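Working notes for the structure below.
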Amino acid sequence: MRIVVPGGAGFVGSHLCERLLADGHDVVCVDNLITGRREHADYLTSNPHFSFVEHNISLPFYIDGTVDAVMNFASPASPIDFPKFPIQILKVGALGSLHSLGVAKAKGARYLLASTSEAYGDPEVNPQPETYWGHVNPIGPRSVYDEAKRYAEALTMAYHRYHDLDTRIVRIFNTYGPRMRPQDGRAIPQFVSQALAGEPMTVHGDGSQTRSFTYVDDLVDGIVRLLYLEPPFHEPVNIGNPHEMTVLEMAELIKELTGSSSDIKFTERPVDDPSVRRPDIARAQKLLGWQPLVDVRDGLKRTIDFFRTV
Ligand code: NAD
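All letters in the sequence shown, in the order written, are residues 479 to 788 by my numbering.
So this is what it looks like as structure tokens:
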């Protein structure tokens, strides 16, 4: 297949491009590098089946030649990006999704949207099945991201229902691994960078809020299974690790694995920070035969090794 990947120079997108190339596809990465890194794309450009187009998909774009699939991973995704790029996030969720759906429609290609567990907001049910409609503050500081993704899901379903486009939606839960930005602001890169620098590891609140962390290779495997699925499934599919941990447990594990002498320091909880977060993955297990395989200690060791080199 020839696959267009908006957001392919980001953390998840770059691992996805690598996997698609390994599976024998041609990949066109489209990215404006707002939070992605040129090096991620440069690293793949030696592969003749990979090409990079620097473009902001909130503006219209066109791809020459055949396109079999569009996989839209373009959006800043870290809470530290929400106050920095609020309008860009709303635009890429709305206009970027519209333009990338337009490319899929023009080419008769299948479309996969990278949505998020943030579509569930601060959930009142745990774990979250795809049938849960969510509990989102529509005007809070996180709303730029949560509502942009909810809109992108609605738009994707509208293209499926109205234009009969072959669409798929993955709701991604917290993912970690090599190539995350050290100053990304998400819990794991923050704890690892602080632990390696011997700085205090800053835990929000009392650290009792829970997260479920998926290693990036497991995530990408679930995503490509959904892309390849025949017959297709158009409603959202959760991909995440049902193994739930408190944020404090994660900080303590990273402290142990890095051998750090950093102290753990408790800081104020951000507004609308979800208290619990755990996917119900029954749908992914049944449809895709997928479940996470990488043990958290192994995934963290690989991530820590990467952070030691940057
Ligand atoms: P990232 O910031 O590393 O990657 C996003 C990429 O999109 C970057 O390369 C960025 O430059 C690019 N981009 C942003 N706006 C763009 C635009 N207007 N035009 C072109 N390119 C643009 O983030 P990530 O963690 O790799 O997330 C990738 C996708 O997965 C996002 O859509 C995100 O919402 C989703 N997701 C990620 C996680 C996670 O835990 N990493 C969880 C849920 C959902």
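Ideal Cβ positions, reconstructed from N, Cα and C, are used throughout, including at glycine.
None of these values were measured; they are calculated from a predicted model.
V698 sits away from D501, with the two beta carbons spaced by 8 angstroms or more. Beta bridge pairing from DSSP links D776 with no other residue.
Placement of the Cβ of N510 at a distance of less than 7 angstroms from at least one heavy atom of ligand 1 is found. Annotation for A500: the continuous alpha helix (DSSP H) segment containing it runs F489 to A500. Here T634 is buried, its C-beta having at least 16 other C-beta atoms within 10 Å. In the displayed model, S738 falls within coil according to three-state DSSP, outside both helix and strand. Contact between G777 and G599 does not hold, since their C-beta atoms are separated by about 26 angstroms, which reaches or exceeds 8 angstroms. Across the set T692, L735, K764 and P757, the C-alpha of K764 shows the shortest separation from the C-alpha of L707. Looking at G767, I666, P748 and G586, the one whose alpha-carbon comes closest to that of P619 is P748. If you check the CB distance, K627 and E602 do not come in under 8 angstroms.
Counting every other CB atom within 10 Å of its CB across the protein chains shown gives D624 a total of 16 or more, marking it as buried. If you check the C-beta of F528 against ligand 1, you find no heavy atom less than 7 angstroms away. By DSSP's assignment, I650 forms a beta bridge with T594 and I717.
By the CB criterion at 8 angstroms, A584 and L643 fall outside the cutoff. Taking C-beta atoms as the reference points, Q566 and I512 count as a pair closer than 8 angstroms.
Annotated three-state conformation of G486 is coil, per DSSP.
In its chain, beyond the 5 residues on either side, D504, T544, V545 and D546 have a beta carbon closer than 6 angstroms to the beta carbon of R480. Around the C-beta of L726, 16 or more other C-beta atoms lie within 10 Å, and the residue is accordingly described as buried. Within the DSSP secondary-structure output, S575 pairs in no beta bridge. Going by C-alpha positions, C507 is about 34 angstroms away from T736.
With fewer than 16 other Cβ atoms from the protein chains shown falling within 10 Å of its own Cβ, I617 counts as exposed. Shortest gap from the CB of T653 to any heavy atom of ligand 1: under 7 angstroms. Inter-residue distance for H712 and T594 is about 15 angstroms (C-alpha atoms, whole angstroms). Between T692 and T724, the gap from beta carbon to beta carbon reaches 8 angstroms or more.
Within 10 angstroms of the beta-carbon of H721 lie fewer than 16 other beta-carbons, which makes it exposed. If you draw a straight line from the Cα of R775 to the Cα of Y540, it comes to about 43 angstroms. Here the distance from the Cβ of A552 to the nearest heavy atom of ligand 1 is below 7 angstroms.
Residue pairing for H527: DSSP places it in no beta bridge. At the C-beta level, F551 and V490 come within 8 angstroms of one another.
Residue burial annotation: G514 is buried, with at least 16 other C-beta atoms found within 10 angstroms of its C-beta.
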